[in-house]
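Take the sequence shown: its position 249, counting from 1, is numbered 249 in full-length UniProt numbering, and each next residue is one higher.
Since the structure comes first, as structure tokens, the remarks are kept for the end.
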Amino acid sequence: LASLSPAGRCSEQLPDGVQRVVGGSQAQAHAWPSQISLQYYYSGSWYHTCGGSLIRQNWVMTAAHCVDSNLSFRVVAGDHNIDQSEGTEQIFTVSKIIIHPSWNSNNVAAGYDIALLRLSGSVTLNSYVQLAVLPQAGTVLANNYPCYITGWGLTRTNGQLSSVLLQAYLPVVSYQTCSSSSYWGSTVKSTMVCAGGDGVRSGCQGDSGGPLNCAVNGVYQVHGITSFVSSLGCNVLRKPTVFTRVSAYNSWINSVSG
């Protein structure tokens, strides 16, 4: 779909769609301990391509479009600066990739942009590495509900990846508004969450697969998986960042990851 750019994979070597936080600020180090960096191997080095959320000690949730290429992947948990070793990182190769069976890489607007990655081992939980809290099945947040996107994605359209984890305030845009003709129209489905759209703050390439973090009863939950932005740019007015709505997939997540 011409209107879409997967928030996506960020690749410096390989031509691809990508996604990163635009208009954000540096996150406090390790403030989002379930956020991981998904990295691919190319020509002797590892490169950040997407975000993800640790949902079990050996399972990560990310976007399907991040992993539908035939690459070798690893997950780095406990990271803040992806260009430096800080001593807090835990690194595991990905031993199994399970993409939602209804995902169609030629039609991101159909939805199902979700994948689960089994790690080669189990992380050790500590103050730097924690499991994400997922919302209850069917939960839909109200218009303007306060959330934060986090990621190492591009800091501006066609810009560079951030070396440190960034966060940006992105309030929810209701499905009713987001699916209206002046926003995303029928491109957005009810299995998605929209957030942002102020023309300043957004996800961008390299953020894909990472979380939309929303506090419910004082606890941050991962309500969205960063999926796509406008092909016109990351931070386009009335083109909010679009996320896979996690609460539409609880049963699938549980059936795969136990």
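Beta carbons are placed, not taken as given, at the ideal position from N, Cα and C, and that holds for glycine.
On a predicted model such as this, the values are computed, not experimentally measured, just so you know.
Compare the C-beta of residue i with all C-beta atoms of chain D and state if any pair is closer than 7 Å.
i, result
"Gln136", "Although the question refers to chain D, the structure presented lacks it and comprises just one protein chain."
Helix, strand or coil for residue i per DSSP?
i, result
"residue 287", "Outside the shown range of the chain (1 to 258) lies residue 287, about which nothing can therefore be said."
"Ser25", "strand"
"Asn104", "coil"
"Val242", "strand"
"Ser255", "helix"
"Ser127", "coil"
"Gly121", "coil"
Given a cut-off of 7 Å, decide if residue j and residue i are closer than it, judged by their beta-carbon atoms.
i, j, result
"Asn213", "Tyr148", "yes"
"Tyr112", "Ser72", "no"
"Arg56", "Ser257", "yes"
"Asn250", "Ala137", "yes"
"Val222", "Ala115", "no"
"Gly62", "Gly203", "For the record, residue 62 in the displayed sequence is Thr; it is not Gly. No; because the gap between Cβ atoms is not below 7 Å, this pair is not in contact."
"Asp68", "Ser34", "no"
"Thr187", "Ala109", "yes"
"His30", "Ser37", "no"
Who are the near neighbours of residue i in its chain, counting only those whose CB is closer than 6 Å to its CB and skipping five residues on each side?
i, result
"Gly78", "Thr88, Glu89, Gln90, Tyr128 and Val129"
"Trp103", "Ala64 and Tyr112"
Got a sec? Which residues, its chain only, sit under 8 Å from residue i by beta carbon, not counting five neighbours each side?
i, result
"Gly121", "Asn58 and Phe92"
Could you give the C-beta distance for residue i and residue j, rounded to a whole number, given that I count them as a contact under 8 Å?
i, j, result
"Ala168", "Gly23", "6 Å"
"Leu119", "Val172", "So it is not a contact: roughly 30 Å between Cβ atoms."
"Asn254", "Val164", "That belief does not hold up - the Cβ atoms of Asn254 and Val164 are roughly 33 Å apart, past 8 Å."
When burial is assigned at 16 or more other CB atoms within 10 Å of the CB, is residue i buried or exposed?
i, result
"Lys96", "exposed"
"Val219", "exposed"
"Gln39", "buried"
"Gly197", "buried"
"Ala142", "exposed"
Can you list, in chain order, the residues of its chain whose CB lies under 7 Å from that of residue i, leaving out five sequence neighbours each side?
i, result
"Phe243", "Met192, Val193, Ala195, Leu212, Gly224, Ile225, Thr226 and Ser227"
"Ser182", "Arg238"
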